[in-house]
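Structure, as structure tokens:
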Amino acid sequence: MSTQPVSYKQLIELGYQRLFDSSDTPRIDAEYLLQHVTGQSMAWLIAWSDSFASTNHVAAFLALLAQREQGTPIAYLIGERDFWTLTLTVNRHVLIPRPDTEALVECALNKLPTDQPLRLLDLGTGSGAIALALAKERPLASVFAVDSQADALAVANHNAERNAITNATFLQSDWFEQIEGRFDLIASNPPYVAPGDPHLSQGDLRFEPDSALSAANNGLADLESIIQSAPDYLHPNGWLVVEHGFDQAEAVRDLFTLNHFREIHLHSDLNELPRCTAGRRS
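Count the sequence shown with the UniProt record's numbering and you get residues 1 to 282, in order.
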């Protein structure tokens, strides 16, 4: 790029042009990257759009732009993602929280009274998104969250501190392995993509940890394990809420039925696709 002074407006336009063929949201991506580099809001960048960017800002923006052109997710480039009412730190050790998973949070909250000291469990917490959203909305609850990966737990603990949430505890465990006691609700967004699914080689999924995405048995292995084990860790009438693929709803319902859950029902995501199944322990 020319060594001539470059305005913020010109940088956004350059980003838009370079990302046009590789991103579904090229202008938004360019704006996010420039906000991150400058530490300024979009309103500030618009107000000062004709001002010249510093050489350091230009260099940093171009470096991130090159990574985005290769497909690196915006969330990993800027190091954070909004989820529910939280801003969460994310890196390559954790799955990027998605709006569809807010359907699971909503489904769980609908089953949790606000005035009781409940015990909640989040399996495969990753960045802590689900656990921290539940902990924030139910401050009287004690929320426990597990992940098998120490690097992921470091991110989750950081996010609890970042969001000043003190009623969430993070533990290293392979699903229920290190868990004791019973819970009023268990939530999980486990790996549920089938190995070899073409989506794993597309978009953001190419850069996210495969261990958080795919599972054997056409993506159902971890779901089956969780659904089978959950009754041993739920209070009577306790709830299990799991996220799954829209095309797995029938198979997941069958697993709930096979394991004697009742009041089984689906909860749809923002696209009105079946995204979560909930059931109550008998």
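The beta-carbon is built from N, C-alpha and C at its ideal position, and this holds for glycine as well.
Own chain residues within Cβ distance below 6 Å of residue i, not counting five before or after
i: Gly15; result: Ala30 and Leu65
i: Ala133; result: Trp84 and Val105
i: His235; result: Arg182 and Asp184
Extent of the continuous beta strand (DSSP E) run through residue i
i: Pro236; result: Leu234 to Glu243
i: Gly128; result: Unbroken run through Gly128: none, as it is neither H nor E.
i: His267; result: Phe261 to Ser268
i: Arg280; result: Pro274 to Arg281
Outcome for residue i when other beta-carbon atoms lying within 10 angstroms are tallied against a minimum of 16
i: Ile46; result: exposed
i: Pro198; result: exposed
i: Gln202; result: exposed
i: residue 286; result: The question about residue 286 has no answer here: the residues shown for the chain are numbered 1 through 282.
i: Ser23; result: buried
i: Arg68; result: buried
8 Å Cβ shell around residue i - same chain, five flanking residues per side excluded
i: Glu224; result: Asn217 and Leu255
i: Gln228; result: Leu255 and Asn259
Sub-7 Å separation of residue i and residue j beta-carbons
i: Ala103; j: His267; result: yes
i: Asp122; j: Ala221; result: no
i: Ala141; j: Leu120; result: yes
i: residue 284; j: Val105; result: Since the first residue shown for the chain is 1 and the last is 282, residue 284 is missing from the structure and cannot be characterised.
i: Thr72; j: Glu80; result: no
i: Gly128; j: Ala156; result: yes
i: Leu34; j: Leu62; result: no
i: Pro99; j: Leu270; result: yes
i: Phe170; j: Tyr233; result: no
i: Ala168; j: Val143; result: yes
i: Arg280; j: Arg253; result: no
i: Ile74; j: Tyr32; result: yes
i: residue 283; j: Ser214; result: Residue 283 lies beyond the stretch modelled for the chain, which goes from 1 to 282, so this question has no answer here.
i: Phe246; j: Pro274; result: yes
Same chain, Cβ closer than 7 Å to residue i, neighbours up to 5 away in sequence not counted
i: Cys107; result: Val241, His267, Cys276 and Ala278
i: Asn159; result: Leu88, Thr89, Ser127, Gly128 and Leu132
i: Asp204; result: Pro73 and Ile96
Span of the alpha helix (DSSP H), counted from its first residue to its last, around residue i
i: Leu258; result: Ala249 to Leu258
i: Leu86; result: Taken as a continuous stretch (DSSP letters only), Leu86 belongs to no alpha helix (DSSP H), being part of the beta strand (DSSP E) at Leu86 to Thr89.
i: Asp147; result: Run containing Asp147: none in the alpha helix (DSSP H); it sits in the beta strand (DSSP E), Ser142 to Asp147.
i: Ile12; result: Tyr8 to Leu19
i: Ala164; result: Careful: Ala164 lies outside any alpha helix (DSSP H) and carries neither H nor E.
i: Val94; result: No alpha helix (DSSP H) contains Val94, which DSSP labels as neither H nor E.
i: Leu104; result: Glu102 to Leu109
- Query: Hey, which unbroken runs of the alpha helix (DSSP H) at 4 residues or more fall wholly within the region 167-243?
  - Reply: 221-229
- Message: List, from N- to C-terminal side, the alpha helix (DSSP H) runs of 4 residues or more that fit wholly inside the region 29-81.
- Response: 42-47, 55-69 and 74-78
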